[in-house]
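One structure is given here, and the rest of the page talks about it.
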Amino acid sequence: MQSKKNMEFILTKIGEMFPDAECELNHSNPFELTIAVLLSAQCTDALVNKVTPDLFSKYKTPEDYIQVPIEELENDIRRIGLFRSKAKHIKQLCQSLVENYGGEIPKDKSELVKLAGVGRKTANVVASVAFGEPAIAVDTHVERVSKRLGICRWKDSVLEVEKTLMKKIPEEEWSVSHHRFIFFGRYHCKAQSPKCDECPLLEVCREGKKRMKKRGVFV
DNA sequence: CTCCCGATAT
DNA sequence: ATATCAGGAG
């Protein structure tokens with residue numbers, strides 16, 4: 001487990017690396033953000049951003065998604081992958097918005113997770129990015145980076161990772177730190193080829209030191 | 001736990 | 001060819 005001092009070091013360094021880290025999914029309101037995050041499951045946000053301009057131009061309101069035949073919606077998001085379940089979830093989500101929430105995305109996380117296709121991670125993103133609530137959404141990047149650095153254990157669930165991060169990061173820094181973890185994971189500590197050689201966090205990184213040792217490099 | 005799934009990087 | 005991508009539902 002990392003000490004408090006190590007966490008401060010990590011937050012400082014990734015802050016220097018990615019001072020302007022923020023949500024990269026194109027959106028102009030909470031509704032669009034929710035759709036974009038739902039679409040982003042197991043898919044790069046870069047690809048989501050290729051689809052959403054046309055999508056958001058065609059579908060403005062929940063009613064627009066409800067009225068279109070599902071085959072047509074599937075076709076509009078086909079390139080994203082997992083398109084059949086995502087199209088179904090979007091339709092169910094919009095139906096619920098109209099029936100239970102006056103057509104608006106709820107701000108409360110406990111309400112957000114009741115929406116089809118919206119789990120804990122998506123709810124955290126919407127609450128944080130759209131409504132400014134403190135939250136740490138643990139996606140594949142945050143999970144991988146936290147485990148490589150040694151902030152949590154390899155066997156920890158995403159919920160356990162989230163709890164650990166919330167405990168070790170001051171609440172007022174949750175949202176910024178969360179985005180910096182994402183950027184660090186996406187552009188530097190990449191899944192397939194982490195840049196340990198040029199990593200400012202190497203001296204506090206469990207996995208990085210292990211990889212270096214394996215290559216016979218003294219850290 | 002498995003399934004959903006196309007696009008892209010390695 | 002295979003791994004991975006801002007996961008969630010059943």
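Here the UniProt record's numbering is used: the first residue of the first sequence is 1, the next is one more, and so on.
The beta-carbon is built from N, C-alpha and C at its ideal position, and this holds for glycine as well.
Since we're looking at a predicted model, the values are computed, not measured.
Exercise for review: Grab me the residues of Leu82's own chain with a C-beta within less than 8 Å of its C-beta, minus the 5 sequence neighbours each way, in chain order.
Suggested key: Ala41, Gln42, Cys43
Exercise for review: Evaluate contact between the stretch 11–18 and the stretch 196–214, counting only Cβ atoms and requiring at least three cross-stretch pairs below 8 Å.
Suggested key: yes
Point to revise | Residue burial classification, Ile70 (beta-carbon count within 10 angstroms, cutoff 16) | key: exposed
Exercise for review: Could you check the C-alpha separation between Arg120 and Val113 for me, to the nearest Å?
Suggested key: 6 Å
Exercise for review: Using the Cα positions of Glu74 and Val142, report the straight-line distance between them to the nearest angstrom.
Suggested key: 29 Å
Check your understanding: Can you round the beta-carbon distance between Ile90 and Leu97 to whole angstroms, since I take them to be within the 8 Å contact cut?
Key -> Ile90 to Leu97, Cβ: 10 Å. No contact.
Check your understanding: How long is the line joining the alpha carbons of Tyr88 and Lys209, rounded to whole angstroms?
Key -> Looking at the sequence itself, residue 88 is Lys, so the reference to Tyr does not match. In a straight line, the C-alpha of Lys88 is about 45 Å away from that of Lys209.
Exercise for review: Let me know the alpha helix (DSSP H) ranges lying completely inside the stretch 138–175, each 4 residues or longer, listed in chain order.
Suggested key: 140–149, 158–168
Practice item. For Tyr59, count neighbouring C-beta atoms within 10 Å of its own C-beta (all shown protein chains included) and say buried if the count is 16 or more, exposed if not. Key: buried
Review point. What residue range is occupied by the uninterrupted alpha helix (DSSP H) comprising Cys94?
Key: 83–100
Point to revise | CB-CB length for Ile159 against Ile10, believed under 8 Å | key: In the sequence as displayed, the identity of residue 159 is Leu instead of Ile. Wrong, their Cβ atoms sit about 21 Å apart, outside the cutoff.
Review point. Under three-state DSSP, which class holds Gly103?
Key: coil
Practice item. Could you tell me the distance, in whole angstroms, from the CA atom of Ala36 to the CA atom of Gln92? Key: 15 Å
Exercise for review: Measure from the alpha carbon of Tyr187 to the alpha carbon of each residue in Pro53, Arg144, Gly132, Arg215, then state which is nearest.
Suggested key: Arg144
Practice item. Could you have a look at Ser57 and say whether DSSP puts it in helix, strand or coil? Key: helix
Practice item. Tell me whether Thr61 is buried or exposed, calling it buried when 16 or more other Cβ atoms sit within 10 Å of its Cβ. Key: exposed
Point to revise | 8 Å contact criterion, which Ile182 and Lys168 should meet: CB distance rounded | key: At roughly 17 Å, the Cβ-Cβ gap does not stay under 8 Å, so Ile182 and Lys168 are not in contact.
Review point. For Ala46, which of helix, strand or coil comes out of DSSP?
Key: helix
Check your understanding: Rounded to a whole number of angstroms, what is the C-alpha to C-alpha distance between Pro134 and Ser128?
Key -> 6 Å
Review point. Could you give the distance in angstroms between the alpha-carbon of Asn49 and the alpha-carbon of Pro30?
Key: 16 Å
Point to revise | Local Cβ density within 10 Å of Val125, reported as buried at 16 or more and exposed below that | key: buried
**Study point:** Inter-residue CB distance, Cys94 and Ile66 (contact presumed, cutoff 8 Å)
**Key:** 5 Å
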